[in-house]
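Chemist: My questions will all concern the structure given below.
Numbering (this note's numbering), first residue to last: 169 to 301.
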C-alpha cells in the first residue's frame, strides 16, 4: 500500500501531478473506474482552488481503511486569505473569482466525506475521502 505523500501545489504542472498521483493511488486501492474519476476530478478542482485563490498550498494523499473498506483521503491546505463565508462558498454557482462556482460544492458531491475549515486570514483546509465500493 502507498505511504502517505505530501505534494506541493505551486503551479499548473503541480495540479497535473496531483491528478496523476491520485489516479494511481485510487487504482491501487481498488476503486472502480467511476470512483477513480470522481476522486481525481475532486482532487483537480481542489488543487486548482488552492493555486488560484490562495497562491498555492499542498495536498497530503493517503490510503485509508475502515474494516473491509479501502479508500483515498486527500487533505488540501493553504495559507491564503481564507474563506469569509463558507456556507456561501459551498453554494452551487457562487464564485469569488471568474470560475463556474462548482469547485467546492462539486467536489463535495464527488466524494463520500468532505470537511472544510477556513477563516479569513487563516487559510483553508479541505479534507475529502473516497471509499471503494
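Idealized CB from N, CA, C, for every residue including glycine.
DSSP puts residue 296 in a beta bridge; with which residues?
Modeler: For residue 296, which the question treats as bridged, DSSP gives the partners 242, 282.
Chemist: Where DSSP assigns a beta bridge to residue 177, which residues make up the other side?
Modeler: Per DSSP, 225.
Chemist: Beta-carbon separation of residue 156 and residue 177 under 8 Å?
Modeler: Residue 156 lies beyond the stretch modelled for the chain, which goes from 169 to 301, so this question has no answer here.
Chemist: How should residue 203 be labelled, buried or exposed, when 16 other C-beta atoms within 10 angstroms of its C-beta is the threshold for buried?
Modeler: The residue in question, residue 203, is buried, as its Cβ has 16 or more Cβ neighbours within 10 Å.
Chemist: Just tell me which of 251, 258, 197, 259 has its CA closest to the CA of residue 240.
Modeler: For residue 240, the nearest C-alpha among the options comes from 197.
Chemist: Where do the ends of the alpha helix (DSSP H) carrying residue 125 lie?
Modeler: Because the chain spans 169 through 301 in this model, residue 125 falls outside it and cannot be assessed.
Chemist: Is residue 274 helix, strand or coil by DSSP?
Modeler: Helix.
Chemist: Grouping DSSP H, G and I as helix and E and B as strand, with all else coil, what is residue 287?
Modeler: Looking at residue 287 - three-state DSSP - the assignment turns out to be strand.
Chemist: Report the three-state DSSP secondary structure of residue 268 (helix, strand or coil).
Modeler: Caution is warranted here: a pLDDT of 42 is assigned to residue 268, below 50, making its placement in the model unreliable, and the coordinate value is therefore given only provisionally. Three-state DSSP puts residue 268 in coil, outside helix and strand.
Chemist: DSSP state of residue 171, grouped into three classes?
Modeler: Coil at residue 171, not helix or strand.
Chemist: Grouping DSSP H, G and I as helix and E and B as strand, with all else coil, what is residue 237?
Modeler: It is a strand residue.
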